[in-house]
Amino acid sequence: MVNVEIKKQEENEVNLKIEIDKSKVNEKLNKVYNDASYQIKIPGFRKGRIPNNILNLHLGKGYFYNKTAEELIPECYLEAIKKIDIKPINQPEIKVIQTEEDKPLIFEATVQIMPELKLGSFDKISIQKEDIKVTASDVKNEIMR
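If you count by UniProt numbering, then the sequence shown holds residues 1 to 145, one letter each, in order.
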């Protein structure tokens, strides 16, 4: 589950505070640990059977939390902008606020959005259409060019 809090910065810039539920974070974290246990070779352990605490000794907990954040942030950012129905026009500026064990992942994304356009009255605008006459000599001159 993704919770989104919107703050308008400027006229067409918004700051999104996105909170990813800890169950979703833990689910992705378990997947990251599982993937790492298949990719890393540690003597005495078969691939895919390395306990998380052994992986933490070799790579550090920070590696797994950073990897989890790297994978979750883009997909949850897209989910958040669809949920609140905004149309960003640039890449988000991401600032991670919280990546702690058994807590939700919280980050901020600052983006510029499409400005709202308001059309004025265009009923009173008149256009003069010019009649353009092309003669055979004009065509012949253009062909010879």
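We put the CB at the ideal spot given by N, CA and C, even for glycine.
### Query
The beta strand (DSSP E) spanning F107 covers which residue range?
Here residue 107 is taken as the residue at index 107 of the sequence shown, counted from 1. It spans 105 to 112 - the beta strand (DSSP E) in which F107 sits, taken as one unbroken run.
### Task
Please report the Cβ distance between E108 and K17, rounded to the nearest whole angstrom; I am assuming they are in contact, meaning their Cβ atoms lie under 8 angstroms.
Here residue 108 refers to the residue found at position 108 when the sequence shown is read from its first residue. Here residue 17 refers to the residue found at position 17 when the sequence shown is read from its first residue. Contact between E108 and K17 is confirmed by a C-beta separation of about 5 angstroms, below the 8 angstroms threshold.
### Task
Report buried or exposed for I50, applying the criterion of at least 16 other Cβ atoms within 10 angstroms of its Cβ.
Here residue 50 is taken as the residue at index 50 of the sequence shown, counted from 1. Under this definition I50 is a buried residue.
### Query
Thinking just about the alpha-carbon of each residue, which of K67, I42, G62 is nearest to the one in I54?
Position 54 of the sequence shown, counted from the first residue, corresponds to residue 54. By alpha-carbon distance to I54, the top candidate from K67, I42, G62 is I42.
### Message
So, does the stretch 67 to 74 touch the stretch 20 to 31, judging by three or more C-beta pairs under 8 angstroms?
### Response
Yes: at least three Cβ pairs fall under 8 angstroms.
### Task
Kindly identify the DSSP beta-bridge partner or partners of I132.
Taking the sequence shown and counting its residues from 1, the one referred to as residue 132 is at position 132. BP columns for I132 are empty, so no partner.
### Alpha-carbon to alpha-carbon, K124 and I94
Translated into positions along the sequence shown, residue 94 becomes position 94. Translated into positions along the sequence shown, residue 124 becomes position 124. One alpha carbon belongs to I94, the other to K124, and they sit about 46 angstroms apart.
### Task
Drop a sphere of 10 angstroms on the beta-carbon of A136, count the other beta-carbons inside from all chains shown, and report buried for 16 or more, exposed for fewer.
Reading the sequence shown from its first residue, position 136 is the one you call residue 136. Burial call: exposed.
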